[in-house]
Amino acid sequence: MDQQLNVFVTVAELGNFSRAAEKLHMTQPAVSQYIQSFEGAMGIKLLERNNKFVCLTQAGEIVYHHAKEILSLHSKMHYLIDDLTNKTSGPLSIGASYTFGEYVLPHVIAKMQGEYPMITPTIMIGNTKEIANLVLGHQLDVGIIEGEFHDKNLSIEPFAEDSLYLVASPKHRLVQKNGEINLSELEDEMWIVRENGSGTREVTEKMFRLCGFTPKRKLEFGSTQLIKESVEAGLGISLLSYWAVRKECSIGTLKVIKIEQLPMKRKFSIVLRSPFQTKALSVFLELLKEHDVISDLLRKL
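Under full-length UniProt numbering, the first residue of the sequence shown is numbered 1, with each subsequent residue one higher.
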């Protein structure tokens, strides 16, 4: 059954029997036979075929989703057994929200690789909701998310704090203005925000509620880097993590707009699904939770 699942998932992802056979180092007739046997065992057609493409039926979509989880759990089971006798090694799939994933995680991975070179990490960057759902579906071993997220099927543990500041171009009128800034002035500005599902967007909306206004103009971008470039270009203002803007603020391409309500604070949390941990995952979690390690990383950023 494991091989049938593997063949089915490969065909579904590549959309072609020939390419699937090549990847699996099998003949095309052998791949076709596996699919036919699998469909027979399931009692329903899973793939629509023609000369040009292969696509999933409605039943195939359901089977594909669960097949990915089953294969992931099967691999994890073998790594856990191997860990009982072998040195810390093997794959580790990590998901992280944009801010932590792009500005802090690379330094954690570098430290881990220096001490445990036989661990082979893969990294997925997405917003908080995306990462949590991938952990929930056993597509990731561990996730690091921003802000508040709740799911009874996940273990969510805060481990680090972040501060978010309002930033603008050095030439922006609010930066050059002397004296206190009225909140009504912020309401009239063009705000550049992250997409729904992002931890940064969640904190931004919380700030709007705290300050008692809703921006009259707002642009939604799916990348922190794109937002920084847009703010530097004078397109608008944005609430961003200190970790994300520290370098730009130090060289003067971004400036902090100071208001009484800021900075906003939020937590970064570790997200897990399985109660069992490989040695590779345990090592990674220890690095994240060591206060001195995180402090060192923050000083380097």
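Cβ atoms here follow ideal geometry from the backbone N, Cα and C, with glycine treated the same way.
My output table needs one value for M207: the three-state DSSP class, helix, strand or coil. In the three-state DSSP reduction, M207 falls in the helix class (H, G or I).
Is R19 helix, strand or coil by DSSP? R19: helix per DSSP, three-state reduction.
Does the distance from the CB of V193 to the CB of I227 come in under 9 Å? Yes, they are a contact pair.
Alpha carbon to alpha carbon, what distance is there between H107 and K300? Confidence at K300 is low in this model, with a pLDDT of 47, below 50, so its placement is unreliable and no value can be given for it.
When you compare each of A30, A110, E232 and G60 to V167 by their alpha carbons, which one comes out closest? Per the Cα distances, E232.
Output needed for P91: all residues of its chain with C-beta closer than 6 Å, excluding positions within five of it in sequence on either side, in chain order. Cβ within range, chain order: T120.
Output the distance between the C-alpha atoms of G236 and K206, rounded to the nearest integer angstrom. Here the alpha carbons of K206 and G236 stand approximately 19 Å from one another.
Given residue 302 as reference, the closest of L281, N51, Y34 and L5 once Cα atoms are compared: Nothing can be reported for residue 302, as the shown portion of the chain is limited to 1 through 301.
What residues match up with A160 in a beta bridge as DSSP calls it? For A160, which the question treats as bridged, DSSP gives the partners F268.
To the nearest angstrom, how far is it from the Cα of T128 to the Cα of L287? Roughly 21 Å between the two C-alpha positions.
So who's on the other strand from Y165, going by DSSP bridges? Residue pairing of Y165 in beta bridges, as defined by DSSP: L240.
Below 8 Å on the Cβ atoms is my guess for S118 versus K87; work out the distance and round it to an integer in Å. Per the sequence presented here, residue 118 reads as Met, with Ser not at that position. Distance from M118 to K87 at the Cβ level is roughly 6 Å; contact confirmed, criterion being Cβ atoms closer than 8 Å.
Give every residue of the same chain whose Cβ lies closer than 6 Å to the Cβ of S241, excluding the five residues on either side of it in the sequence, and list them in chain order. Excluding its 5 nearest sequence neighbours in each direction, S241 has C-beta neighbours in its own chain below 6 Å: T99, D162 and L164, listed in chain order.
On the CB-based measure, 16 or more other CB atoms within 10 Å of its CB, does G179 come out buried or exposed? So G179 counts as exposed.
Can you give the Cα-Cα distance for L285 and K76, rounded to whole angstroms? Roughly 17 Å separates the two Cα atoms.
Distance, V104 Cα to W243 Cα: If I take the Cα positions, the gap works out to 8 Å.
T204 to A160, Cα distance in whole Å? If I take the Cα positions, the gap works out to 19 Å.
Contacts around K289, its chain only, beta-carbon distance under 7 Å, and the 5 residues preceding and following it disregarded: Taken in chain order, the residues that qualify are F159.
Pairing CB atoms from the region 212-228 with CB atoms from the region 139-151, are three or more of them under 8 Å? Contact fails: fewer than three Cβ-Cβ distances are below 8 Å.
What number of angstroms, rounded off, separates the C-alpha of I70 from the C-alpha of E229? Roughly 42 Å between the two C-alpha positions.
In whole angstroms, what is the alpha-carbon distance linking L56 and Q33? Cα to Cα, the separation comes out at about 17 Å.
Taking 6 Å as the limit between beta carbons, can you name the residues of its chain near G15, skipping five residues before and five after? For G15, where only same-chain residues beyond five positions count, the Cβ hits under 6 Å are F53 and V54.
Beta-carbon proximity list for V271, same chain, < 6 Å, skipping 5 on both sides: Counting only Cβ-Cβ distances below 6 Å, and skipping sequence neighbours, we find A132, V135, G143, I145, L154 and I156.
Cutting at 7 Å between CB atoms, please list the residues of its own chain near E39, excluding the five before and the five after it. Excluding the 5 residues flanking it on each side, E39 has same chain C-beta neighbours closer than 7 Å at K45 and L46, in chain order.
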